[in-house]
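Take 1 as the starting number for the sequence shown in UniProt numbering and just add one per residue.
Working notes for the structure below.
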Amino acid sequence: MSDHDTAQLLTIQEQIQQTHEYQYKRYITSNNTEDLVKRLKLQEWNSVYEIPEEEINQQWEKFTNIFKTELNYACPLRKTKISGKKTRSQEMKNYQSAKPDLTYFTP
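Quick look at the structure:
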């Protein structure tokens with residue numbers, strides 16, 4: 001009797017949990033960039049200038065608070081699912097889509 005005559009079956013049942021990972025991104029377009037610039041131009045920047053020059057950290061904090069508020073309004077963070085596929089950088093896409101100049105190689 002040969003050991004090749006018997007079939008063997010092994011069944012493993014395991015419950016797989018799918019986990020979705022998320023990240024937050026800002027989608028910056030020409031439209032929301034224009035909106036951000038308009039909103040920043042409308043800001044009252046006196047509150048930054050009224051802080052004495054010696055208090056540069058307070059000035060910076062005031063400026064960044066105003067800027068972040070307007071940035072969050074014009075270009076809000078959006079929750080996006082992280083996909084498993086790798087993406088190429090725009091530089092690589094441009095490189096691969098460029099057609100080589102073969103004028104020197106024509107017979």
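All C-beta atoms, glycine included, are put in the ideal place defined by N, C-alpha and C.
Cβ-Cβ distances below 8 Å link Y27 to C75 and R78 in the same chain, with the five nearest sequence neighbours on each side left out; the list follows chain order.
L77 carries a strand assignment under DSSP once its states are collapsed to helix, strand and coil.
Rounded to the nearest whole angstrom, the CA to CA distance from I56 to W45 is 15 Å. Between the beta-carbon of K62 and that of I51 there is about 6 Å, and that keeps the pair under the 8 Å contact cut.
CA-CA distance, T80 to E53, rounds to 41 Å. In this structure, the CA atom of L36 is about 32 Å from the CA atom of H20.
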